[in-house]
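Chains as they are written, first to last, in my numbering: chain A, 102 to 430; chain B, 86 to 303.
Where a beta carbon is used, it is the ideal one built from N, C-alpha and C, also for glycine.
Okay, so here's the structure we're looking at.
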């Protein structure tokens with residue numbers, strides 16, 4: 102007898118979206134298919150659908166982010182939900198209120214969904230475990246653990262260019278050690294059936310036993326690692342890593358691991374280049390690649406809105422189903 | 086009678102109500118009626134839009150029949166349904182695709198079966214989020230009883246009176262067949278379905294001579 106699934110209700114519907122871990126291929130494909138439907142909303146004159154009218158969604162960002170918070174906000178607004186943006190650093194928590202007290206207060210305002218970003222791994226799971234059962238939690242990034250909507254928007258972007266996951270070679274380049282994005286990507290790629298996932302990084306930025314733990318191939322040489330790959334995902338190098346002796350300098354990182362058109366020439370001719378943003382031009386890649394024909398970086402941003410609409414509407418739809426069941430029971 | 090596929094746990098009660106040849110004859114009359122109405126209103130270049138999924142199949146046939154040159158539009162109304170708060174997200178969502186803008190255009194909205202009218206209400210809302218059409222005409226293959234909103238098709242291929250629990254659905258895309266699904270304990274089934282009449286019954290019967298439209302309970 103296993104413990105109840107932290108993200109699914111008794112019927113197997115998505116209630117929270119905390120991590121890719123433990124979700125079936127069918128469910129991931131359902132998220133991708135639903136996002137496909139939401140992509141068209143951006144083409145309407147009125148870029149909005151009435152699906153989640155009357156729902157209240159609170160963005161709880163304990164860690165700074167512009168792109169993720171904005172795309173979550175836009176996704177909620179395109180679903181016609183009402184959105185609260187809570188700037189935690191200047192509010193109650195700074196005055197000494199505990200996380201759970203903040204949560205209880207928002208629940209008392211009849212918030213239906215929390216979108217949570219937190220610097221501590223496991224924060225979204227913790228909130229989901231303690232929140233009122235009528236509330237859904239979406240993880241918008243917790244510590245080094247997980248960033249599942251980023252992982253899914255990357256899968257969505259890949260599928261729009263390369264429809265068959267079971268034939269792909271995908272390389273992830275950069276700070277694998279600290280990256281919640283890489284963890285979510287690897288889990289999603291594996292679940293969707295990608296046969297070959299490579300991670301490419303200096304030894305200092307790879308977790309120990311990465312090959313066994315994640316079922317990937319590790320490379321320490323960029324040119325060797327991206328040979329014949331269909332997808333190159335570059336990760337952001339955080340400036341603070343430069344000060345922690347894990348990397349000698351930005352210049353040296355670019356010299357060894359920076360993506361240029363010349364280095365990209367050994368990948369498949371139709372390979373796509375991805376980056377979760379924000380890009381450090383001249384560190385992870387040069388501008389020729391970032392703005393080149395194989396870059397899908399800006400598509401990732403648009404796709405992120407559709408993926409977030411899909412996940413939010415699925416979780417809110419599950420809430421509706423369950424409240425209806427209680428009603429009729 | 087071939088075994089109709091219908092998505093039901095109890096398929097034994099599904100019967101073919103109209104086969105492909107009968108539906109073809111209905112399409113001929115619908116195209117005539119649409120042509121007449123378009124001429125009457127002086128509309129030269131209507132834009133046809135089918136509602137997923139059955140409405141698109143019907144629209145494809147009418148689009149061909151009318152010889153329209155502009156591509157057909159597809160509309161998915163899942164995000165505009167009025168039952169999200171009751172039953173959650175609709176399981177299948179396909180992208181809407183309107184090949185050209187709807188602003189100032191005369192539209193023909195097409196669906197397979199109109200019952201409550203709620204689908205059409207949702208479809209009109211979708212259309213108006215894409216722009217401001219000059220006019221919207223509604224064509225459905227079947228107009229059945231059970232309206233809950235003040236919506237009536239301009240052109241309906243068939244009209245039928247049914248009990249609320251009785252269902253009719255279009256199976257397709259090839260061949261197109263109308264399937265009737267009869268719940269187990271409905272003694273009145275045969276009687277109500279035999280009240281079926283073609284809306285343009287003065288026109289000749291189907292080419293293969295089949296004119297008996299009544300359902301026989303298995």
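Any chain A beta carbon closer than 8 Å to residue i
{"i": "residue 153 of chain B", "result": "no"}
{"i": "residue 204 of chain B", "result": "no"}
{"i": "residue 138 of chain B", "result": "no"}
{"i": "residue 238 of chain B", "result": "no"}
{"i": "residue 158 of chain B", "result": "no"}
{"i": "residue 180 of chain B", "result": "yes"}
{"i": "residue 149 of chain B", "result": "no"}
{"i": "residue 112 of chain B", "result": "no"}
{"i": "residue 104 of chain B", "result": "no"}
{"i": "residue 220 of chain B", "result": "no"}
{"i": "residue 172 of chain B", "result": "yes"}
{"i": "residue 163 of chain B", "result": "yes"}
{"i": "residue 196 of chain B", "result": "no"}
{"i": "residue 109 of chain B", "result": "no"}
{"i": "residue 214 of chain B", "result": "yes"}
{"i": "residue 208 of chain B", "result": "no"}
Buried versus exposed, by CB contacts within 10 Å (16 or more), residue i
{"i": "residue 219 of chain A", "result": "buried"}
{"i": "residue 152 of chain B", "result": "exposed"}
{"i": "residue 112 of chain A", "result": "exposed"}
{"i": "residue 277 of chain A", "result": "buried"}
{"i": "residue 177 of chain A", "result": "buried"}
{"i": "residue 215 of chain B", "result": "buried"}
{"i": "residue 366 of chain A", "result": "exposed"}
{"i": "residue 93 of chain B", "result": "Bear in mind that the predicted position of residue 93 of chain B carries a pLDDT of just 44, short of 50, making it too unreliable to give a figure here."}
{"i": "residue 247 of chain A", "result": "buried"}
{"i": "residue 154 of chain B", "result": "exposed"}
{"i": "residue 171 of chain B", "result": "exposed"}
{"i": "residue 196 of chain B", "result": "buried"}
{"i": "residue 60 of chain A", "result": "Residue 60 of chain A is absent from the model: chain A starts at 102 and stops at 430."}
{"i": "residue 130 of chain B", "result": "exposed"}
{"i": "residue 121 of chain B", "result": "exposed"}
{"i": "residue 403 of chain A", "result": "exposed"}
is_contact[residue i, chain B] using C-beta, thresh 8 Å
{"i": "residue 151 of chain A", "result": "yes"}
{"i": "residue 421 of chain A", "result": "yes"}
{"i": "residue 147 of chain A", "result": "yes"}
{"i": "residue 201 of chain A", "result": "no"}
{"i": "residue 345 of chain A", "result": "no"}
{"i": "residue 135 of chain A", "result": "yes"}
{"i": "residue 425 of chain A", "result": "yes"}
{"i": "residue 105 of chain A", "result": "no"}
{"i": "residue 214 of chain A", "result": "no"}
{"i": "residue 252 of chain A", "result": "no"}
{"i": "residue 414 of chain A", "result": "yes"}
{"i": "residue 113 of chain A", "result": "no"}
{"i": "residue 140 of chain A", "result": "yes"}
{"i": "residue 383 of chain A", "result": "no"}
Three-way DSSP call (helix, strand, coil) for residue i in this model
{"i": "residue 215 of chain A", "result": "strand"}
{"i": "residue 320 of chain A", "result": "strand"}
{"i": "residue 242 of chain B", "result": "strand"}
{"i": "residue 276 of chain A", "result": "coil"}
{"i": "residue 276 of chain B", "result": "Caution is warranted here: a pLDDT of 36 is assigned to residue 276 of chain B, below 50, making its placement in the model unreliable, and the coordinate value is therefore given only provisionally. If DSSP states are grouped into helix, strand and coil, residue 276 of chain B belongs with the helices."}
{"i": "residue 243 of chain A", "result": "strand"}
{"i": "residue 376 of chain B", "result": "As shown, chain B starts at 86 and ends at 303. That puts residue 376 of chain B outside it, with no answer to give."}
{"i": "residue 237 of chain A", "result": "strand"}
{"i": "residue 186 of chain A", "result": "strand"}
{"i": "residue 420 of chain A", "result": "helix"}
{"i": "residue 326 of chain A", "result": "helix"}
{"i": "residue 266 of chain B", "result": "strand"}
{"i": "residue 415 of chain A", "result": "helix"}
Legend entry - Cβ contact (3+ pairs, closer than 8 Å) linking the stretch 105-124 of chain B and the stretch 223-243 of chain B: The answer is yes - the stretch 223-243 of chain B touches the stretch 105-124 of chain B, with three or more Cβ pairs under 8 Å.
Legend entry - Whole beta strand (DSSP E) elements within the stretch 354-412 of chain A, 3-residue minimum: Counting whole runs of 3 or more residues, the stretch 354-412 of chain A contains the beta strand (DSSP E) stretches 373-375.
Legend entry - Every unbroken alpha helix (DSSP H) within the stretch 129-181 of chain A, with a cutoff of 4 residues, ordered by chain: Runs of the alpha helix (DSSP H) inside the stretch 129-181 of chain A: 168-179.
Inset, instruction - Would you be able to state if there are at least three C-beta pairs under 8 Å between the stretch 317-327 of chain A and the stretch 295-309 of chain A? - result: Output reads yes: the stretch 317-327 of chain A touches the stretch 295-309 of chain A.
Inset, instruction - Kindly confirm or deny that the stretch 410-421 of chain A and the stretch 169-183 of chain A touch, where touching means at least three C-beta pairs closer than 8 Å. - result: Contact between the stretch 410-421 of chain A and the stretch 169-183 of chain A is present: three or more C-beta pairs spanning the two stretches fall below 8 Å.
Legend entry - Stretch-stretch touch, CB-based, cutoff 8 Å, three pairs: the stretch 125-141 of chain A with the stretch 202-215 of chain A: With the rule of 3 Cβ pairs closer than 8 Å, the stretch 125-141 of chain A does not count as touching the stretch 202-215 of chain A.
Legend entry - beta strand (DSSP E) runs wholly inside the stretch 253-306 of chain A, at least 3 long, in chain order: Segments of the beta strand (DSSP E) lying fully in the stretch 253-306 of chain A: 270-274, 297-301.
Inset, instruction - Specify whether the stretch 392-401 of chain A and the stretch 222-239 of chain A touch according to this definition: at least 3 beta carbon pairs, one from each stretch, less than 8 Å apart. - result: Segment contact: the stretch 392-401 of chain A against the stretch 222-239 of chain A, fewer than three CB-CB distances shorter than 8 Å; contact not assigned.
Legend entry - Segments assigned alpha helix (DSSP H), at least 4 residues, entirely inside the stretch 176-233 of chain B: DSSP runs (the alpha helix (DSSP H)) wholly in the stretch 176-233 of chain B: 203-215.
Legend entry - Every unbroken beta strand (DSSP E) within the stretch 90-166 of chain B, with a cutoff of 3 residues, ordered by chain: Counting only runs that start and end inside the stretch 90-166 of chain B, the beta strand (DSSP E) elements of at least 3 residues fall at 99-103, 132-136, 158-160.
Inset, instruction - Pair every Cβ in the stretch 139-151 of chain B with every Cβ in the stretch 98-113 of chain B, then say whether three or more of these pairs are closer than 8 Å. - result: Contact between the stretch 139-151 of chain B and the stretch 98-113 of chain B is present, because at least three Cβ pairs lie under 8 Å.
Inset, instruction - Answer yes if the stretch 260-268 of chain A comes into contact with the stretch 226-233 of chain A, meaning at least three C-beta pairs across the two stretches below 8 Å, and no otherwise. - result: Touching, no, given that fewer than three Cβ pairs across the two stretches are closer than 8 Å.
Legend entry - Stretch pair the stretch 369-377 of chain A + the stretch 326-341 of chain A: three plus CB contacts closer than 8 Å: Yes: the two stretches touch, three or more of their Cβ pairs being nearer than 8 Å.
Inset, instruction - Inspect the CB distances between the stretch 116-131 of chain A and the stretch 145-153 of chain A and report whether three or more fall short of 8 Å. - result: At 8 Å Cβ cutoff, the stretches do not touch.
Inset, instruction - Tell me, please, whether the stretch 159-172 of chain A touches the stretch 201-212 of chain B by the rule of three or more beta-carbon pairs shorter than 8 Å. - result: Touching, no.
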